[in-house]
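Scroll down for the structure; my scribbles are underneath it.
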Amino acid sequence: MLRFNKGLPILAALAAVLTLGTPQSARADISLELNSAPGKIGVLNSSARLVFTGGPTPTFTFTPAAAGSTFAGFDFFVQNVGGSDATGSAIGLSGNITGVYSIGAVTISGTMQTASVSGSGIFSIDDNGTAVGGNLLTANVSFSQIFTMGNAGDINAGGTLNLTNIMYTGSDADLQKLRDYAPGSMTVSFNFNPARTLTQLTAVGAVNTTGYNADIIANAPAPAGIVMALSGLPCLAGAWLRRRAMSRA
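In the numbering used here, the protein residues as written are 4 to 252.
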């Protein structure tokens, strides 16, 4: 007859089974790939930009595409949608990122330069395509850090959950999933050619602009049954420890 006298490893194994054994549908996710909105063909400086303004308190902001372009008034468009729950319905939709984001003191480590970021704004996607007037998905957005290395840079590279309070009342399936799986994470990538370091981008009097792309991902919450089962494991472990102590007394 088999006897299990190592209860804690068994409980740990149970936790692993409950977590790793969750069906894929319960770990569903959705991701959006965003590109800064292009400008009017043949017109310089008409595309949407990521703008770095140097000074005693350096900042970055997102500006929209100019009038006359397909995405006039918008900062970005959804280039692609991925994830196990994606339908592709959000491809081609447009949106904006408001707010002024302050860049802190620059730390240099070899070719990498990093800094903290503060500030917040509103992230939005209009489900009416390239024209305003549809139902807006909105979220609070903030960033905590930025880095540059060579000619590349990234904002929120660590994937902090920085899209919160996501709201949407429209019928677009992908936007509904993004709302339902909140909070989400948005990472913004950019590059300069020739390269620009954070020290250069934040210098007094400096103004630099560039295009960008961004990635958003949101994961479905764990099923309630799994959460409840996992929450009960500490009680089982405590009971096992008490029984073991009594048996040794």
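Ideal Cβ placement from N, Cα and C applies to all residues, glycine included.
{"Asked": "Cα-Cα separation between S119 and F150, rounded to whole angstroms", "Found": "9 Å"}
{"Asked": "Status (buried if at least 16 other CB within 10 Å, exposed otherwise) for L47", "Found": "exposed"}
{"Asked": "Neighbourhood of L35 by C-beta distance below 6 Å, restricted to the same chain and skipping five residues each side", "Found": "V81, V84, I219"}
{"Asked": "Local conformation of P26 per DSSP, three classes", "Found": "In this prediction, P26 scores a pLDDT of 49, lower than 50, which makes its location untrustworthy; no coordinate-derived value is stated."}
{"Asked": "Classification of I111 by the beta-carbon crowding that lies within 10 angstroms, buried from 16 upward", "Found": "exposed"}
{"Asked": "Span separating the alpha-carbon of V144 from that of V103", "Found": "11 Å"}
{"Asked": "Whole-angstrom C-beta distance between A89 and P67, which should lie under 8 Å", "Found": "About 26 Å separates the two Cβ atoms, so there is no contact after all."}
{"Asked": "Beta-carbon proximity of A142 to F126, cut-off 8 Å", "Found": "yes"}
{"Asked": "Coil, strand or helix - L178 by DSSP", "Found": "helix"}
{"Asked": "Candidates A217, Q203, V207, K180, of which the one nearest T190 by Cα", "Found": "A217"}
{"Asked": "Cut-off 6 Å between Cβ atoms - residues of its own chain near G76, not counting five sequence neighbours on either side", "Found": "P67"}
{"Asked": "Inter-residue CB distance, N194 and A134 (contact presumed, cutoff 8 Å)", "Found": "That belief does not hold up - the Cβ atoms of N194 and A134 are roughly 30 Å apart, past 8 Å."}
{"Asked": "Residue range of the unbroken beta strand (DSSP E) whose run includes L139", "Found": "139-145"}
{"Asked": "For R52 and A176, the rounded distance between their alpha carbons", "Found": "28 Å"}
{"Asked": "Inter-residue spacing [alpha-carbon to alpha-carbon] between T213 and S192", "Found": "10 Å"}
{"Asked": "The alpha helix (DSSP H) enclosing L201, as first and last residue numbers", "Found": "201-204"}
{"Asked": "Contacts around D72, its chain only, beta-carbon distance under 6 Å, and the 5 residues preceding and following it disregarded", "Found": "Going by the sequence as given, residue 72 is Ser instead of Asp. Cβ within range, chain order: G42, K43, S49."}
{"Asked": "Endpoints, beta strand (DSSP E) assigned at T212", "Found": "210-213"}
{"Asked": "Ordered list of beta strand (DSSP E) runs contained in the stretch 27-104, each at least 3 residues", "Found": "32-39, 52-56, 62-66, 79-85, 97-100"}
{"Asked": "Cβ shell of I59 (< 8 Å), same chain only, five flanking positions each side left out", "Found": "According to the sequence displayed, residue 59 carries Pro and not Ile. So the qualifying residues of the chain are V207."}
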